Each structure stands twice: as structure tokens, then as C-alpha cells.
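One structure below.
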Amino acid sequence: DAGVIQSPRHEVTEMGQEVTLRCKPISGHNSLFWYRQTMMRGLELLIYFNNNVPIDDSGMPEDRFSAKMPNASFSTLKIQPSEPRDSAVYFCASSLPLTGTVGNIQYFGAGTRLSVL
Amino acid sequence: AQSVTQLDSQVPVFEEAPVELRCNYSSSVSVYLFWYVQYPNQGLQLLLKYLSGSTLVKGINGFEAEFNKSQTSFHLRKPSVHISDTAEYFCAVSASGGSYIPTFGRGTSLIVHP
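Line order of the protein sequences matches chains S and P.
The working numbering puts the first sequence at residues 1 to 117.
The working numbering puts the second sequence at residues 1001 to 1114.
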């Protein structure tokens, strides 16, 4: 398996622009997670899905952030409008079903480095 | 809810020296414990995990960790490090029941000098 695939790897945009980050989870994984990593806050869980349904989005910082999972093999994280403080590395991770999988392991993509100027 | 404290933000060490990265956790329920490693410009990958049984857990690349319930610790060790071990190391904890969503620590940057 190719692992979790994220695109783009790098994104540079100007404040106010819309940004869309993409993720393809590992085939057969029913759970998908979006994280944000910064020096100040470390690794933050933004939202996670189970069987394409958003379960907990309490980590999404503002209404400017939205995430979708239209099918089992694709998810997007959108920021509209973007702001300089959104600059970070955004990771997508996938795992086997959350319930019933003891000691569930998360598999991370390589991340998208976002810079908002 | 669970929380994780990684006591050192940065650990410099010389090549072939031993290293210990410290991790303490708090939880009101039984937990599973993990160490993940993040190499530069890559995502996190699992190094090792403790679910139950022997408190000494061996992982990839010669790393091991020991679960100490009384001290609520899960320190990571390697007897002899290599330059290639330079990376960010994250300790994580999840509750042993429920959704198993992990809580990650802030990370420890291991810097191996020649």
C-alpha cells in the first residue's frame, strides 16, 4: 500500500485566499484524522471521521475551517479565508475502525506545509 | 481525559551514547501507550506500543520503552544512538476503552551529534 497520501506537499498563498488540502487514506481504514502541527501548540487534532461521518470537530479552530469526507478514499480540509496564523503543517492520518480495534495505530501522511503570507 | 507530558523539549547526545526520552501521563482509566517518531519533513510513524503484559516493550530501530504504572511513566530508551536517530519523538496515550483516540505529547527533539 502507498500509505496515506496528502497533496499538495507545500502551499503558499496570500491572506484571504481559499486553501484546500487533500488526503487519501489507506485502503480499508475506516477512520480519518486531520491534525495541525505548529511550534507553539504542537500537534493538535482538528477533526476526525469514522466511516466518512464527522465524529468530533471540536478541535477546528474557527468557522473558517471545514472538512469533508465524501467517500472512503478521499477527504479535504478547507480554509476560507486563510490568515497568516493558519501557517502550519497539516497532517492527515488514517486507522482501522476506532471501536473494537485494541491499541489502534494511526498512519500519518507526509503532511502539507502551508504558508499564508 | 488523558494528558501526556514530555519533560524534555530537546535532548542532544553524541553518537553511540545511550539516551532516554521521558514521558509521563495522567489518566483516570487504564491506558494504552505509544511512541511515534517523526523524521524531518515526514509524518509520524509508530515506534512501539504498550497494550498489556510485559512492561518492557521493544520497538523498531533498537528502541525500547518501559511502562511504570506506579510512576505513570513510559520512558523511551536506546543503548547506543546513531546519527540517523535524529528526529522528533512523540509519546501518546489513549484510554483502554472507548474510541482509542490518542492524546499526543509536545514532542522531544533528539539531536545526535557525531
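We put the CB at the ideal spot given by N, CA and C, even for glycine.
Given the structure is predicted, the values throughout are model-derived calculations rather than measurements.
Nearest candidate by alpha-carbon position, reference residue i, set the options
i	options	result
threonine 112 of chain S	S/Leu96, S/Phe74, S/Cys23	S/Cys23
valine 116 of chain S	S/Pro81, S/Ile26, S/Arg41	S/Pro81
valine 19 of chain S	S/Ile26, S/His10, S/Ser27	S/His10
leucine 1021 of chain P	P/Ser1054, P/Ile1101, P/Ser1096, P/Leu1007	P/Leu1007
phenylalanine 1014 of chain P	P/Gln1042, P/Ser1027, P/Pro1079, P/Phe1104	P/Pro1079
Residues that DSSP places opposite residue i in a beta bridge
i	result
isoleucine 79 of chain S	S/Val19, S/Phe65
cysteine 92 of chain S	S/Trp34
Beta carbon proximity, residue i to chain P, threshold 7 Å
i	result
phenylalanine 91 of chain S	yes
alanine 2 of chain S	no
leucine 43 of chain S	yes
Any chain S beta carbon closer than 7 Å to residue i
i	result
glycine 1043 of chain P	yes
tyrosine 1025 of chain P	no
Neighbouring residues, chain S, relative to residue i (Cβ below 8 Å)
i	result
tyrosine 1039 of chain P	Result: empty, since nearest Cβ-Cβ is about 10 Å, beyond 8 Å.
Per-residue contacts from residue i into chain P (C-beta, under 8 Å)
i	result
alanine 110 of chain S	Asn1041, Gln1042, Gly1043
isoleucine 105 of chain S	Phe1034, Leu1046, Lys1049
Proximal chain S residues relative to residue i, where beta-carbon distance stays under 9 Å
i	result
arginine 1106 of chain P	Arg41, Gly42, Leu43
Residues that residue i contacts on chain S, provided the C-beta gap is smaller than 7 Å
i	result
tyrosine 1089 of chain P	Here the premise fails: no neighbours, minimum Cβ distance about 12 Å.
Chain A within 7 Å of residue i, Cβ atoms only
i	result
asparagine 71 of chain S	Considering every chain present, this structure includes no chain A. Its protein chains are S and P.
request  = Please confirm if the region 26 to 41 of chain S is in contact with the region 81 to 96 of chain S, defined as three or more CB-CB distances below 8 Å between the two stretches.
outcome  = A contact between stretches requires three or more CB pairs, one per stretch, nearer than 8 Å, and the region 26 to 41 of chain S meets this requirement with the region 81 to 96 of chain S.
query = Are the region 1083 to 1091 of chain P and the region 1101 to 1111 of chain P in contact at 8 Å, needing three or more beta carbon pairs?
reply = Enough Cβ pairs lie closer than 8 Å, so yes.
task = Assess, as a yes-or-no matter, whether the region 1023 to 1033 of chain P is touched by the region 1090 to 1103 of chain P under the definition of 3 or more beta carbon pairs within less than 8 Å.
result = Look at the beta carbons and you see the region 1090 to 1103 of chain P touching the region 1023 to 1033 of chain P: at least three pairs across the two are nearer than 8 Å.
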